[in-house]
Amino acid sequence: MARSTRRQTELFLLAQPLEALSQIVLPTGEDVLRRLFCHGSNSKDNRKAVIDEVVRVWERAHIPVVPLLSIMKKLETLVGKYEVRKKAKNRQSEGDKVSDALLHGHLASLFDIAAPATSSSMTHLKQKDKDFLDDQRGQRKMVMSTFDKESMAKESRKHERLAAERRRKEKELAETLERGEMIELVTGSSATAECADSSTSSSDTNSSARGSAAASAFRSKRLKITKEVAAAADRVKLTSRGAHHVFSAIAADQGVLSPSTSSIR
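Here the sequence shown stands for residues 80 to 344, numbered as in my numbering.
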């Protein structure tokens, strides 16, 4: 009960403490104070923690801010004004009511920490970000999710385009290699030819043995990657892993061994 009473006193003119700042709008003065009092005290460490949260929201909106020291002074000023009115909350003269109304209006407005409009960072700000800042300083009808969706969609299209381009280049290189325009096969030894010449005069048993030897010799052939092939792979920016997959598939189709990793790069 004591904690509840203390919180009610701390949150004079405010709603309940905030567990976290909204991530789709820039915080108001009231949001910042409610977040600060949620930490339990107005200590320097707690003020710094809240300021870090506030800055992250502004960074998410891609809007440059003033230095941290300036933000700290702004928060201290806001807390000071709030504490003065809280101490006089039991006085309800017409002047006090006006002061409370003015403070309430001030708290409802943006906790504005934007960098000066004349700074280089602000002059290069995108128009959509400028529009969002203007809205947050006024009617506050816009939210950041709209901009985030646009950025995510743009990034997704970029990744899809790059992936499609990579697949196209790998396919073109594979087709070129399959046509045999730049491929050499390294033969294992002359034993293969000798086995083929003597196979017609051998018995069925010997033919089977020689056939196995010939198959073994053929399998000992390895797909050789010439300098021209390696250069072509570099030109289309084929990764070592991608090149290995392409050349291994061709080797399997030719019935020979895959090229060694060192020959690919």
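A virtual CB, placed ideally from N, CA and C, is assigned to each residue, including glycine. Fair warning: this is a prediction, and the values are worked out from it, not measured in the lab.
- For Gln218, there is no enclosing alpha helix (DSSP H), since its DSSP letter is neither H nor E.
- Secondary structure at Leu189: strand, using DSSP grouped into helix, strand and coil.
- Within the same chain, Cβ atoms closer than 7 Å to the Cβ of Pro195 are found at Met201, the five residues on either side in sequence being excluded.
- Leu182 and Lys160 do touch by the CB rule: their CB atoms are close to 6 Å apart, below 8 Å.
- Inter-segment contact for the segment 206-222 and the segment 92-111 is present: three or more beta-carbon pairs are separated by less than 8 Å.
- When Cβ pairs closer than 8 Å are counted between the two stretches, the segment 138-151 is seen to touch the segment 185-195, the count reaching three or more.
- In the three-state reduction of the DSSP assignment, Thr156 falls in the helix class, which pools H, G and I.
- Beta-bridge partners of Thr197 (DSSP): none assigned.
- When the Cα atoms are used, Asp110 and Glu138 turn out to be separated by approximately 17 Å.
- Within the DSSP secondary-structure output, Thr107 pairs in a beta bridge with Leu189.
- Under DSSP, Val144 takes part in a beta bridge, and its partners are Ala193.
- According to the DSSP assignment, Asn125 belongs to the alpha helix (DSSP H) that extends over Lys123 to Arg139.
- Ser101 sits in coil when the DSSP states are folded into three classes, being neither helix nor strand.
- Ser178 places its beta carbon less than 8 Å from that of Arg164.
- Residue environment: Arg126 is assigned as buried (16 or more neighbouring CB atoms within 10 Å of its CB, all protein chains considered).
- A direct Cα-to-Cα measurement between Ser327 and Arg240 gives close to 26 Å.
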